[in-house]
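Notes follow once the structure below has been shown.
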Amino acid sequence: MDQFTLNMLFVGGSFALYIGIAIWARAGSTAEFYAAGQGVHPILNGMATAADWMSAASFISMAGLIAAVGYGNSSFLMGWTGGYVLLALLLAPYLRKFGKFTVPQFIGDRFYSQKARMVAVVSLIVISTTYVIGQMTGAGVAFSRFLEVESDTGLYIASAIVFVYAVLGGMKGITYTQVAQYCVLIIAYTIPAIFISLQLTGNPIPGLGLFSTHIESGMPLLAKLDQVVNELGFAQYTTLNTSMFNMFLFTLSLMIGTAGLPHVIIRFFTVPKVSDARWSAGWALVFIALLYLSAPAVGAMARLNIIDTLYPQGTQSEAVLYEERPQWMRNWEVTGLLKFEDKNGDGRIQFYNDKNDGFTATATERGWAGNEFTYNNDILVLANPEIAQLPGWVIALIAAGGLAAALSTAAGLLLAISSAISHDLIKSYLNPNISEKGELLAARISMAGAIGVATWLGLNPPGFAAQTVALAFGLAAATIFPSLMMGIFSKKINAMGATLGMLTGLVVTCLYLFTYLGMFFIPGTNILENVASNYLFGIPPASFGPIGALLNFVVAYVVSGMTAPPPQDVQELVESIRVPKGAGAATGH
Amino acid sequence: MADKSSSNAYWSANIRIIMMCMVIWFVASFGFGILLRPMLSGIAVGGTDLGFWFAQQGSILVFLALIFFYAWRMNKLDAEHGVEE
């Protein structure tokens, strides 16, 4: 069976499974559509949360990002998992006790303000829409690469599949589909990782292999990696090559941002009890950790493998002849994600850091005329099975896994958007008298509309897709997280304080990003050049989230201190969400 | 009023547990993984040092332990104060 047939079989099979689940788990009420009827077991909810959270970025890009920089990019590992501690301790149990369907609804009720609720709706839609663009383009690319269709066609197929199970099943359909998608993606990620780890270190657990001995050289794997990258003029893998301040702030930004992402928060509304919400956050992190503990190993081992392939006799000897490069490099050369250019015309491929001035002398001495090999970081995970010379079905599995990661996150985001529109905008603001049936229909129409917008954005991706992710995390950290936390942990914050606090976080964060990245990210409209010397107190735009959060807290406290305290019934509401007793089924009213 | 004071005792106990967990959360990631790494550089772990291990794996394992500890401790606290579901 050829590779294409295998890919079709695996991807088609996984899609049939998702559709089957969607038909079985279709939603009959708004409670099922928004919160899966609060009947999801905490372990299953943990799996669904893990799939919801782990996007194309986690599955495809993260290992490559870590491989490229080494220790400095550990921020992604700590930031994207540490946020779950904040969620589990500070938000999840209380929001479940509150027992409603959406994040803006909590903000509106706790701060007894339609204005606060609308600011939350705007933040939520901006955060989730920017986030969904990357998922749709990611799914389109995966389709076009593995199924040999046009990228646009791939995107239409992806949208159609999401349409079926998200519109039909709502949160209930999405939840059970995400459980299946988690299983597909974790198997797809782990199998090649195990084989690579076995080949390099003899240890079947990639996370342990990372700290084991490299069989070929007899040195510890990381020491070997440090040595070879050093010999090619690259920065040491295990040392910090940026400032401690930057790494600290970026990690904090990712952590707070993770805890403030609405599509993750609403997953904790689906479990039956408050104690289940606590356990479920733990299970979510277990399932996330299964991938995140392997990812740094995949990155480091793939980087070592690539260097080893290019310098078969070691980095001090001659590089490989272009004609003798392995088959997987030939395969990926076709996609343009991996490139060779024989600058010194010796027929060999020299891969080194030609931007390092301290290395120029060595390079000249060896007759090198510039780096001749470049690759896109994303191929490390996708090409992993080929690098490890695994059978074709493993490659097909990676295709299905990448698509599962992108589609599961897209569905979660779309649900967050559609419930904010139908429940917070239509039901509570535009047409409060809408019937349950009418609201369910409105939710389905909003979902279909959101898919349409996401597809359009995927077909016409704004050139700034990568930068908008900084916006999503920055805004989640500056608006949603602080407001939820203050709503639970302080009885003093009132409507005016919360609304102005959120607005401050929203506006200042946007302005800071626009100053360096361009007004609404349009290239050329930035006020200051995006370089470190221009940053306010040296804070990079991608790390601004914690500052926005701090401003939100300060404004909310100062304004609340100067104005009347919240009414008695709101103070009693805060008392009641703090104790688990009396948590019933969620209601929309 | 009895109910009120019991729920306040419950809430301050909860805050104490949260604070303790947050200190560990901070030390394991921002502390050992970033700020204190130079101080831990003497402790070798598989070709590098303890700080690198905390940044890439140790912190995640500590986060996991913290969340499960908190869930277990709070369920016990709920029962002690009679506020369980």
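Residue numbers (the working numbering), protein chains in the order written: chain A, 101 to 689; chain B, 1361 to 1445. Positions of the beta carbon are idealized from the N, C-alpha and C atoms, including for glycine.
Problem - Own chain residues within Cβ distance below 6 Å of P306 of chain A, not counting five before or after - result: Excluding positions up to five away in sequence, the list reads A293, S297, S394, A397.
Problem - Selection from A:Y337, A:S583, A:V371, A:P666 that minimises the alpha carbon distance to I166 of chain A - result: A:Y337
Problem - Residues bridged to L438 of chain A [DSSP beta-bridge criterion] - result: A:Y475
Handout entry: E472 of chain A and I449 of chain A closer than 7 Å at C-beta
Key = yes
Practice task
Return the first residue and the last residue of the alpha helix (DSSP H) that W468 of chain A is part of.
Solution key: Element bounds for W468 of chain A: n/a, residue is neither H nor E.
Exercise for the section: Less than 8 Å between the CB atoms is what I'm expecting for G512 of chain A and I121 of chain A, so what's the real figure, rounded? Expected result: Going by Cβ atoms, the distance from G512 of chain A to I121 of chain A rounds to 15 Å, so no, they are not a contact pair.
Handout entry: L352 of chain A versus W1385 of chain B - alpha carbon distance
Key = 12 Å
Handout entry: E433 of chain A versus A239 of chain A - alpha carbon distance
Key = 21 Å
Problem - M1361 of chain B to Y635 of chain A span [Cα, whole Å] - result: The predicted position of M1361 of chain B is uncertain, since its pLDDT is 36 and thus under 50; no value can be drawn from it.
Practice task
On a CA-only basis, which of A:S155, A:G574, A:T149 is nearest S643 of chain A? Give me that one, please.
Solution key: A:G574
Practice task
Report back the beta-carbon spacing between L514 of chain A and A220 of chain A to the nearest angstrom; my notes put them in contact at under 8 Å.
Solution key: About 18 Å separates the two Cβ atoms, so there is no contact after all.
Exercise for the section: In angstroms with no decimal places, state the Cα-to-Cα distance between E1444 of chain B and R678 of chain A. Expected result: 12 Å
Practice task
Would you list, in chain order, the members of the stretch 1417 to 1441 of chain B that have their beta-carbon closer than 7 Å to a beta-carbon of chain A?
Solution key: Of all residues in the stretch 1417 to 1441 of chain B, only Q1417, S1419, I1420, F1423, L1424, L1426, I1427, F1428, Y1430, A1431, M1434, N1435, D1438 come within less than 7 Å of chain A when Cβ atoms are compared, listed by chain position.
Problem - Extent of the continuous alpha helix (DSSP H) run through N652 of chain A - result: 645 to 662
Handout entry: chain B contacts from the stretch 378 to 406 of chain A (Cβ-Cβ distance under 8 Å)
Key = R378, W379, A381, G382, L385, V386, A389, Y392, L393, P396
Exercise for the section: Can you check DSSP and say which residues form a bridge with V1405 of chain B? Expected result: In the DSSP output, where bridge partners are listed per residue, V1405 of chain B has B:T1408.
Practice task
Can you tell me which of B:A1439, B:M1434, B:G1407, B:L1400 puts its alpha carbon nearest to the alpha carbon of I1375 of chain B?
Solution key: B:M1434
Exercise for the section: State the Cα-Cα distance for the pair I123 of chain A and Q668 of chain A, rounded to the nearest angstrom. Expected result: 46 Å
Handout entry: For R448 of chain A, the residue or residues it bridges with in DSSP
Key = A:L421
Exercise for the section: To the nearest angstrom, report how far apart S676 of chain A and V328 of chain A are at their CA atoms. Expected result: 59 Å
Handout entry: Buried/exposed call for L421 of chain A, threshold 16 Cβ in 10 Å
Key = exposed
Practice task
Give the interface partners of G307 of chain A over in chain B, defined as CB-CB distance under 8 Å, in chain order.
Solution key: Q1417
Exercise for the section: Scan the stretch 1385 to 1397 of chain B for residues whose Cβ lies nearer than 7 Å to a Cβ of chain A and list them as they occur along the chain. Expected result: W1385, S1389, F1390, G1393, I1394, L1395
Exercise for the section: Give a yes or no on whether 7 Å exceeds the smallest Cβ distance from F311 of chain A to chain B. Expected result: Output row for F311 of chain A: interface = yes.
Exercise for the section: State the Cα-Cα distance for the pair I487 of chain A and D408 of chain A, rounded to the nearest angstrom. Expected result: 11 Å
Exercise for the section: Report yes if the CB atom of I356 of chain A is closer than 7 Å to the CB atom of F581 of chain A, and no otherwise. Expected result: yes
Handout entry: Proximity below 7 Å, CB of A649 of chain A to CB of A578 of chain A
Key = yes
Practice task
Kindly list, in the order they appear in chain B, the residues whose Cβ is closer than 9 Å to that of M602 of chain A.
Solution key: Per Cβ cutoff of 9 Å: no residues; M602 of chain A is ~23 Å from chain B at best.
Handout entry: Spatially closest choice to A572 of chain A from A:N456, A:G605, A:I119, by CA coordinates
Key = A:G605
Exercise for the section: Along the alpha helix (DSSP H) that carries S375 of chain A, what are the first and last residues, could you check? Expected result: 374 to 392
Handout entry: Sheet register partners of T313 of chain A (DSSP bridge)
Key = A:P320
Practice task
Answer with buried or exposed for F104 of chain A, where buried requires no fewer than 16 other C-beta atoms within 10 angstroms of its C-beta.
Solution key: exposed
Problem - Unbroken alpha helix (DSSP H) run spanning Y337 of chain A, endpoints - result: Boundaries for Y337 of chain A: no alpha helix (DSSP H) harbours it, and the DSSP string shows neither H nor E there.
Problem - Nearest neighbour of L600 of chain A, chosen from A:T202, A:S660, A:A500 [CA to CA] - result: Nearest C-alpha to L600 of chain A: A:S660.
Problem - C-beta neighbour in chain B for S375 of chain A, strict 7 Å - result: yes
Exercise for the section: Decide yes or no for the touch test of the stretch 520 to 527 of chain A against the stretch 538 to 551 of chain A: beta carbon pairs closer than 8 Å, at least 3 of them. Expected result: yes
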